[in-house]
Amino acid sequence: MITIKKYKYAVNAAVLALTMVLGSSCTKDLLTPSPTTSIIDSKAFDTPARILSQVNGLYAGVKSGQFYGGRYVIYNEIRGEEFIVNKPNGVTGLDTWNQNVNSNTNEVVNLWSAAYMAINRVNVFLVGLNANLSKVDAATASQYIGEAEFLRALSYFALVQTYAKPYVFDSGASPGLPLRLLAETDLTGAGTNDLARSTVAQVYTQILKDLDDAETKLSATQANGAFRAFKNTAIALKARVYLAQANYAKVLTETNKLISATAPYQSPTGGSKLESSIATVFTGSYTGAEALLFLPFTTSDAPGTQNQLAYYFTSGPGNGEYYLNPTGIYANTALSGTASTDARKGFITKVGTVNYLTKYKTPSPFTDYVPVLRYSEVLLSAAEAYARTGDLVNASALLNAVRHRSDPTFTFDPADIGSQASLINTILTERRIELLGEGFRLTDLFRTGQALPAKSGAQGNSPAVAVTASNYIWPISGVELQTNKLMQPNP
């Protein structure tokens, strides 16, 4: 009988070292991947085409439906208070919504495994490319390395926010993650799996190291489309990381690279900006200037059964797992007020007595592109950083840029923006409205030191979770605890 350890590394080796997706162009491959073909390890980096197929494989790992292609975003939403369970089902996150997972719960194990698999793809790729730099020109090699480093940083950031205490609790002194930076290809895993947890601060240091290097290597233009990282993508993720650390000066250092000094706000390089209509961004296959990184799907390359965003959030035959909490951000007059002219109301549909989020509306097999980074987040992060550092003028200007895109005639009540505290609160509220359903609610609660709110509906109740409770963060995967002798569980 195969052991858990051998199974884990057999999967890693087979998928990450020996299996290559062959193709001719990055955009075509990401949208319509060619059939998987096994080739021997020594040939994987033989030609520019094979190396490009390896790059596409890195994105395939991150966009797994068990990871950023679906469930990571979903779990970050349903652990917060914006959604109420409609169809109690252990397969579609009921334990997560109930704040009742353990080390062996499927979502805990599968997300951990998918994210580390994506990381190991990067590590294997970097070894292979660095051994074959003569096969591509220097600029192409630099771009590929930058993309790999970006994806590793994105994956570690997702993991550290899920399985470790928030950085702001103790400046990152708590146990973090095993920092796996070496390629693991041994079929038995002998000598490769035992690795102690680095601190949260050390994980953040590695994330920022990867992103700093990626920024220097990535193209300044979005030449490869919205599906591949470019310089602005790395900068935007750095701003998100610094926001999680409450390092607001650094948030502004990064966002100032992407935001012009005056309106209409847009990036001085790379073409990043807000669309004039937010409806344009959520057509299901958006690739425009607001997309700093979107993960694409097609009917032949879907996120997988019960992994898709529309499956969870949109009501239809066979789906509609969660509806909007009437006491969550939906209660804000921008979304629920009868007199509201906010365009974001168009993402909400009433079915019977409840309301569903319809940002993701592509029908079965639910192939909406997943928004990882978009420009409105950059503006709101900068607005918050300005407010927290005392610059209320710039903070208000950027807040208004986001609100006025969806509601051009809206005027904030002076009481909501007149003081530093009120303005910060208003910006945080705007994040909830603008980024609803995009995977931000849980991490915003974490970084602001808030408890996870209680929620209730006809199909069940979920209690509040204090910041000191053991289930505030997820437990470490049970498979990791069994296969890594140096791994310590969360308290």
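Under mature numbering (1 follows the signal peptide of the UniProt record, and there is no 0), residues -27 to -1, 1 to 464 are what the sequence shown spells out, in order. For every residue, glycine included, the Cβ atom is placed at its ideal position computed from N, Cα and C.
| query | result |
| --- | --- |
| Anticipated Cβ contact below 8 Å, A283 with A199, distance rounded | That belief does not hold up - the Cβ atoms of A283 and A199 are roughly 19 Å apart, past 8 Å. |
| Which of helix, strand or coil DSSP assigns to G430 | strand |
| Pair within 8 Å by beta-carbon distance, A193 and T242 | yes |
| Pair within 8 Å by beta-carbon distance, P151 and R420 | no |
| Inter-residue spacing [alpha-carbon to alpha-carbon] between T206 and T235 | 21 Å |
| Per-residue burial, D315 [other beta carbons within 10 Å of its own, 16 or more giving buried] | buried |
| The stretch 288 to 301 / the stretch 57 to 66 touching (three or more Cβ pairs under 8 Å) | yes |
| Buried/exposed call for S450, threshold 16 Cβ in 10 Å | buried |
| Beta strand (DSSP E) segment containing L266, residue limits | 264 to 268 |
| Buried/exposed call for F383, threshold 16 Cβ in 10 Å | exposed |
| Candidates A388, Y136, I24: closest to Y45 by CA position | Y136 |
| Where the beta strand (DSSP E) through V74 begins and ends | V74 -> no beta strand (DSSP E), and no H or E assigned at all. |
| CB of G257 within 8 Å of CB of D341, strictly | yes |
| Nearest neighbour of residue 465, chosen from A394, F339, V343 [CA to CA] | Not covered by the structure: residue 465. The range shown for the chain is -27 to 464. |
| Counterpart residues of P276 in DSSP-defined beta bridges | Beta-bridge pairing links P276 to no other residue. |
| Other residues of its chain near Q39: CB distance less than 7 Å, five sequence neighbours each side excluded | N83, L84, A87, N280 |
| L155 versus Q27, Y89, L371, Y303, residue with shortest Cα-Cα distance | Y89 |
| 6 Å CB neighbourhood of V351 in its chain, flanking five on each side removed | A209, T228, L231 |
| The alpha helix (DSSP H) enclosing I51, as first and last residue numbers | 44 to 51 |
| Nearest-angstrom Cα separation, counted from E407 out to G43 | 19 Å |
| Contact under 8 Å by Cβ, F98 with L31 | yes |
| Unbroken beta strand (DSSP E) run spanning P344, endpoints | 343 to 347 |
| Buried or exposed (CB count within 10 angstroms, at least 16 for buried), Q27 | buried |
| Contact between the stretch 301 to 308 and the stretch 212 to 221 (3+ Cβ pairs under 8 Å) | no |
| In DSSP terms, what V438 is bridged to | L425 |
| Beta-carbon gap between L168 and L459 smaller than 8 Å | yes |
| Environment of N457 [buried if 16+ CB atoms lie within 10 Å] | buried |
| Enclosing beta strand (DSSP E) for F56 [first to last residue] | 56 to 58 |
| In chain order, each alpha helix (DSSP H) run of at least 4 residues that lies wholly inside the stretch 365 to 424 | 365 to 379, 387 to 390, 393 to 407, 414 to 420 |
| Pair within 8 Å by beta-carbon distance, Y333 and F286 | yes |
| Cut-off 6 Å between Cβ atoms - residues of its own chain near A163, not counting five sequence neighbours on either side | Here the model assigns A163 a pLDDT of 48, short of 50, so the residue's position is not dependable, and the following value carries that caveat. Correct list: empty, nothing qualifies. |
| Neighbour-count burial assignment, D110, 16 or more Cβ in a 10 Å radius | exposed |
| For T456, the first and last residue of its enclosing alpha helix (DSSP H) | 451 to 456 |
| Where G422 falls, given that 16 or more other Cβ within 10 Å makes a residue buried | exposed |
| Buried or exposed by the 16-neighbour rule on C-beta atoms within 10 Å, applied to K211 | buried |
| Boundaries (first-last residue) of the alpha helix (DSSP H) holding K223 | 221 to 228 |
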